[in-house]
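Counted from 1, the sequence shown has number 189 at position 189 by the UniProt record's numbering; the numbering is strictly sequential.
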Amino acid sequence: MTRAVYVAAGEAESNKGTVALGMVELLSRQVGAVGVFRPVVRAGREDNLINTVRSRFQLGLPYDACAGVTYDEVHADADRAAGDIVARYRELAGRCEAVVVVGTDYTDVGAPTEFEFNARLAADLGTPVLNVVSARNRTAAEVAAAVELSTRQLVHHHARELAVVVTRADEPAGLRDALKHPTPVFVLPEAPSLRAPTVADLLQACDGRFFLGDREGLGREASGLTVGAMSLPNILDRYIEGTALIIPSDRAAALLPGLIAAHTSPGFPSLSAVIMTGGTELPAPVERLLRGMVIPLPVIATDHDTFDTATRLSAVEGRFTPAAAGKIDTALRLFAEHVDGQVLLDRLAIARTDVVTPLMFEYELLDRARARRRRIVLPEGEEPRILRAAEVLLRRGVAELTLLGDRERIAAQAAQLGLDLDGAAVISPFDPELRERFAREYAALRAHKGVTVELARDAVTDVSYFGTLMVHLGLADGMVSGAAHTTAHTIRPAFELLRLGLVSSVFFMCLADRVLVYGDCAVNPDPDAAQLADIAIASARTAALFGVEPRIAMLSYSTGASGAGADVDKVREATELVRSSRPDLPVEGPIQYDAAIDPAVAHAKMPGSEVAGRATVFVVPDLNTGNNLYKAVQRSAGAVAVGPVLQNLRKPVNDLSRGATVADIVTTVAITAAQVRDDVPAEPVTSGADVALSPGPGR
């Protein structure tokens with residue numbers, strides 16, 4: 001049976017989209033197939049909210065399956081339109097485990113009766129209503145009255161109210177205390193950035209065209225509008241951070257070079273965009289000059305005059321689009337922080353499915369990280385991908401971040417990229433006080449290797465050593481690096497300072513319906529039996545930490561007693577070592593991959609095994625096997641490979657691929673935050689030979 005919820009608001013500008021996005025994310029954590037449905041959409045163009053949800057949550061549903069009828073069809077014959085909506089909804093519901101229905105937008109249906117229209121429709125669909133009420137410009141008593149009125153309308157039309165979400169509240173705590181209601185009430189604070197339009201919104205509103213500059217900046221929010229009708233010095237004195245600057249195109253040749261220079265200068269506010277009005281072409285030499293420059297913001301051209309453009313743009317309000325990543329992140333964090341999702345799930349009677357999709361695993365990681373708010377240091381603080389990921393992490397409240405690098409360069413880079421990184425700390429690896437402290441600590445720990453304080457003063461300014469020493473000394477809980485450095489450069493300091501024993505790694509292999517753990521596919525080239533047992537136990541611990549019930553398969557080219565030889569004997573011995581040291585862990589080996597993963601093969605080759613056919617943790621005999629295995633599954637089965645995640649460090653340090661995307665960085669930081677343990681020894685391993693690092697998994 002498909003579970004569904006109808007998100008309806010009693011008025012326009014209620015931030016209903018924020019609630020809808022939050023509900024889709026909440027349901028996506030619980031079930032594998034979630035759909036979004038808009039009963040009424042505008043004719044002639046695709047609905048932005050549908051496409052935003054489809055893109056953000058990778059729904060795999062065609063647009064047409066998510067849309068009901070048009071406003072024109074409702075006006076022409078409301079009863080027939082309602083019948084068509086129900087039919088289309090049922091068709092979609094048959095493909096999904098849960099559906100979020102998002103009500104009308106107060107654009108074409110008559111406003112006095114629109115909430116009643118949604119209430120009747122919710123009753124027809126059999127979906128409970130998440131009643132959204134705006135607190136904007138209302139007293140607590142007025143909000144209470146609005147809630148009471150909308151609830152009465154739901155009752156009158158036989159719709160069930162699931163809960164009330166009050167949005168746009170200036171004082172959420174006081175308002176929450178003042179509202180008494182029979183169903184749960186949640187209050188979301190006002191978030192000005194949700195109302196701010198993106199540059200892409202402005203481009204569309206003024207019938208503009210992208211002229212030159214940074215296309216990625218089209219997704220940036222514009223905090224305001226400024227008309228630059230004066231000379232350059234006067235403009236520089238008047239515009240504010242994040243503004244979209246409107247200038248006449250016949251003066252652009254004189255103004256643009258100076259505005260671009262100001263945008264990249266730490267001493268001036270950054271712009272979100274420059275919009276040239278009037279349609280006048282730039283002189284050819286000036287255009288050639290500008291096109292040869294790196295312009296880190298969008299420049300838009302429109303044929304409308306300055307007054308008309310300013311009038312059009314001042315009327316634009318923010319909306320959700322697939323490109324508005326910052327706005328989406330803000331909305332999801334707002335919902336997660338102020339709505340008790342478990343209460344809604346309980347009232348919807350939605351239990352978590354046994355299926356674990358890649359998206360569900362990603363949300364689980366973010367939830368675990370958010371719950372603990374660990375301090376993560378990012379040594380590559382001047383790398384653009386790291387900065388973009390940092391903004392996402394801060395918006396989502398995943399971790400507290402420290403960026404290493406030059407403060408002015410990071411600020412300038414963030415301004416050019418249009419990023420808000422005010423929540424991140426910035427530390428220079430040449431900070432004199434920390435450099436001296438770290439040098440003395442490093443020299444003391446590595447004295448057995450001949451390291452002196454003088455040598456250490458140079459070593460610790462390397463960002464990998466500096467970040468690792470922050471972790472070692474408790475100034476950070478974990479570190480993520482590698483977007484601009486090799487694997488060896490990133491993890492060598494961790495091997496020296498944080499190693500508890502044999503350091504190994506796992507990949508989380510996210511298949512369509514489950515998550516498997518592969519170890520060790522990245523660090524140890526040819527472990528012996530004792531090391532293999534250590535890897536298995538560490539991998540089981542990591543699996544359990546991330547919600548994967550560990551059932552260990554010690555992989556080999558033979559199953560059970562069917563084969564002999566040094567390679568099989570190594571795996572057999574390692575299996576017995578695991579059983580003797582951790583009798584609580586289900587383990588089987590040697591076992592072939594097909595017998596470990598396929599119940600039918602397991603029944604034939606190893607009947608009665610509690611692991612065969614049900615394995616979740618796969619331990620490979622060597623790096624050659626592991627690296628090929630994870631890449632074969634990744635490419636052939638379309639699995640998402642998350643990792644490598646390092647194990648057996650006192651505090652977590654994880655390596656990124658130098659081709660890592662922003663999403664990869666966000667996920668790795670979340671994993672690192674969730675890995676932090678409180679039950680580890682206070683001191684690292686400092687005796688014995690240093691571990692020889694493998695070249696990594698060839699990424």
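Glycine included, each C-beta is placed from N, C-alpha and C at the ideal position.
Check: Quick one: any contact between the stretch 223 to 241 and the stretch 259 to 268, if contact means 3 or more CB pairs under 8 Å?
Finding: yes
Notebook entry, point to check: Taking the alpha-carbon positions, what's the SER231 to VAL274 distance?
Noted result: Position 231 of the sequence shown, counted from the first residue, corresponds to residue 231. Position 274 of the sequence shown, counted from the first residue, corresponds to residue 274. For the pair SER231 and VAL274, the Cα-to-Cα distance works out to about 15 Å.
Next item on the list: With DSSP as the reference, label LEU27 as helix, strand or coil.
Entry: Locating residue 27 in the sequence shown gives position 27, counting from the first residue. In this structure, LEU27 counts as helix in the three-state DSSP scheme.
Check: Where do the N-terminal and C-terminal ends of the beta strand (DSSP E) with PRO189 fall, by residue?
Finding: Residue numbering aside, residue 189 sits at position 189 when the sequence shown is read from its first letter. 185 to 189 is the span of the beta strand (DSSP E), which, as asked, contains PRO189.
Notebook entry, point to check: If you count every other CB in all the chains shown that lies within 10 Å of the CB of GLY44, and 16 or more means buried, which is it?
Noted result: On the sequence shown, residue 44 is found 44 positions in, with the first residue counted as 1. GLY44 comes out exposed.
Check: Under a three-way DSSP split, which group does GLY68 fall into?
Finding: Sequence index remark: in the sequence shown, residue 68 carries index 68 (1-based). GLY68 falls in the strand class under three-state DSSP.
Checklist line | Coarse secondary structure for VAL666, derived from DSSP in three states | finding: Taking the first residue of the sequence shown as position 1, residue 666 is located at position 666. Looking at VAL666 - three-state DSSP - the assignment turns out to be helix.
Check: CB VAL86 to CB LEU92, shorter than 8 Å?
Finding: Counting from 1 along the sequence shown, the entry for residue 86 is found at position 86. Counting from 1 along the sequence shown, the entry for residue 92 is found at position 92. No.
Notebook entry, point to check: Whole beta strand (DSSP E) runs in the stretch 378 to 461 with 3 or more residues, listed along the chain?
Noted result: 400 to 404, 425 to 427
Item checked: alpha helix (DSSP H) segments (min. 4 residues) lying fully within the stretch 114 to 156 -> 140 to 156
Check: Which whole-angstrom value describes the C-beta separation of ALA33 and CYS96, a residue pair presumed to lie in contact below a C-beta threshold of 8 Å?
Finding: Against the sequence shown, residue 33 aligns to sequence position 33. Against the sequence shown, residue 96 aligns to sequence position 96. Contact holds; Cβ gap of about 5 Å.
Note to self: I'd like the list of long-range same chain contacts for ARG614, defined as Cβ closer than 6 Å, with 5 residues on each side in sequence excluded.
What the structure shows: On the sequence shown, position 614 is the one that residue 614 refers to. The answer, listed in chain order, is ARG551.
Next item on the list: Starting from the C-beta of THR559, find all residues in its chain whose C-beta is less than 7 Å away, skip the five residues before and the five after it, and write them out in chain order.
Entry: For this step, residue 559 is matched to residue 559 along the sequence shown. Same-chain partners within the cutoff: PRO590, ILE591, GLN592, ALA595, LYS605, MET606.
Check: If you check the beta carbons only, do VAL662 and ALA389 fall under 8 Å apart?
Finding: Here residue 662 is taken as the residue at index 662 of the sequence shown, counted from 1. Here residue 389 is taken as the residue at index 389 of the sequence shown, counted from 1. It is a contact, given that the beta carbons lie within the stated cut-off.
Next item on the list: Could you please give the first and the last residue of the uninterrupted alpha helix (DSSP H) stretch that includes VAL568?
Entry: The sequence position of residue 568 within the sequence shown is 568, counting from 1. Unbroken alpha helix (DSSP H) run through VAL568: 566 to 581.
Checklist line | Collapsed DSSP secondary structure at SER562 in the structure displayed | finding: As a position in the sequence shown, residue 562 is number 562, starting the count at 1. It is coil, neither helix nor strand.
Margin query: Does GLN342 pass the burial test, meaning 16 or more other C-beta atoms within 10 Å, or should it be called exposed?
Written below: Within the sequence shown, numbered from 1, the residue matching residue 342 stands at position 342. GLN342 is exposed by the Cβ-count criterion.
Notebook entry, point to check: Just to confirm, are VAL620 and TYR518 a CB contact at a threshold of 8 Å?
Noted result: As a first step, residue 620 is located in the sequence shown; it is residue number 620 there, counting from the start. As a first step, residue 518 is located in the sequence shown; it is residue number 518 there, counting from the start. Against a cut-off of 8 Å, the Cβ pair of TYR518 and VAL620 comes out as a contact.
Checklist line | Spatial neighbours of LEU332 in its chain, beta-carbon cut-off 7 Å, leaving aside the 5 residues before and after | finding: Mapped onto the sequence shown, residue 332 falls at position 332. A distance below 7 Å between beta-carbons, with the five flanking residues on each side excluded, links LEU332 to the following residues of its chain, in chain order: LEU21, GLY22, GLU25, ARG396.
Next item on the list: Ignore the nearest five residues each way along the sequence and tell me which others in PRO322's own chain have a CB closer than 6 Å to its CB.
Entry: The residue given as residue 322 occupies position 322 in the sequence shown. Around PRO322: ASN51, THR52, SER55.
Note to self: Could you check whether ARG209 and HIS157 sit closer than 8 Å to each other, using their CB atoms as the reference points?
What the structure shows: Residue mapping note: residue 157 aligns to position 157 of the sequence shown, counting from 1. Residue mapping note: residue 209 aligns to position 209 of the sequence shown, counting from 1. Contact: no.
Check: Among all the DSSP beta bridges, which residues are the ones paired with ASN654?
Finding: What you label residue 654 is simply residue 654 of the sequence shown in a count that begins at 1. Answer is VAL480.
Checklist line | Nearest to GLY659 (by Cα), restricted to the options GLY68, ALA310, ILE386 | finding: Looking up residue 659 in the sequence shown gives position 659. When each option's Cα is compared against that of GLY659, the closest is ILE386.
Note to self: Using the three-state DSSP reduction, which class does TYR6 fall into: helix, strand or coil?
What the structure shows: Position 6 of the sequence shown holds residue 6. The answer is strand: DSSP assigns TYR6 an E or B state.
Checklist line | Run of the alpha helix (DSSP H) containing SER193, from where it starts to where it stops | finding: In the sequence shown, the residue the question calls residue 193 occupies position 193. Counting along the chain, the alpha helix (DSSP H) containing SER193 begins and ends at 192 to 195.
Notebook entry, point to check: Given ARG407, which residues of its chain have a CB within under 8 Å of its CB, disregarding the five upstream and five downstream residues?
Noted result: Mapped onto the sequence shown, residue 407 falls at position 407. VAL426, SER428, listed in sequence order.
Checklist line | C-alpha distance - LEU66 paired with ASN48, whole-angstrom precision | finding: Position 66 of the sequence shown, counted from the first residue, corresponds to residue 66. Position 48 of the sequence shown, counted from the first residue, corresponds to residue 48. Checking the sequence shown, residue 66 turns out to be Cys, not Leu. The straight-line gap from Cα to Cα measures roughly 12 Å.
Next item on the list: Could you tell me whether the stretch 192 to 209 touches the stretch 306 to 316, using the rule of 3 or more Cβ pairs below 8 Å?
Entry: yes
Check: If you drop the 5 nearest sequence neighbours on each side, which residues of the same chain put their C-beta closer than 8 Å to that of ALA324?
Finding: What you label residue 324 is simply residue 324 of the sequence shown in a count that begins at 1. Only THR52, THR198, ALA200, GLY219, GLU221, GLY318 meet the Cβ criterion.
Notebook entry, point to check: Do you know whose CA, among VAL355, SER636, ALA399, lies nearest ARG676's CA?
Noted result: Mapped onto the sequence shown, residue 676 falls at position 676. The identity of residue 676 in the sequence shown is Val, whereas the question assumes Arg. Nearest option by C-alpha distance: ALA399.
Checklist line | Where the beta strand (DSSP E) containing GLY643 begins and where it ends | finding: As a first step, residue 643 is located in the sequence shown; it is residue number 643 there, counting from the start. Where GLY643 is concerned, the enclosing beta strand (DSSP E) stretches over 640 to 649.
Item checked: First through last residue of the alpha helix (DSSP H) which encompasses VAL86 -> Along the sequence shown, read from residue 1 onward, the residue named residue 86 stands at position 86. It spans 78 to 93 - the alpha helix (DSSP H) in which VAL86 sits, taken as one unbroken run.
Checklist line | ARG375 versus TYR6: straight-line alpha-carbon distance, rounded | finding: Counting from one through the sequence shown, the residue named residue 375 turns up at place 375. Counting from one through the sequence shown, the residue named residue 6 turns up at place 6. Straight-line Cα distance between these residues: approximately 38 Å.
Note to self: In the DSSP output, which residue or residues are listed as bridge partners for LEU245?
What the structure shows: Here residue 245 is taken as the residue at index 245 of the sequence shown, counted from 1. Partner(s): THR226, VAL274.
Note to self: Which same chain residues end up closer than 7 Å to ARG176 when comparing Cβ atoms and leaving out the 5 residues on each side of it in sequence?
What the structure shows: The sequence position of residue 176 within the sequence shown is 176, counting from 1. Closer than 7 Å at Cβ, skipping near neighbours: VAL185, VAL187.
Notebook entry, point to check: Is the stretch 506 to 524 close to the stretch 576 to 589, with three or more CB pairs under 8 Å?
Noted result: At 8 Å Cβ cutoff, the stretches do not touch.
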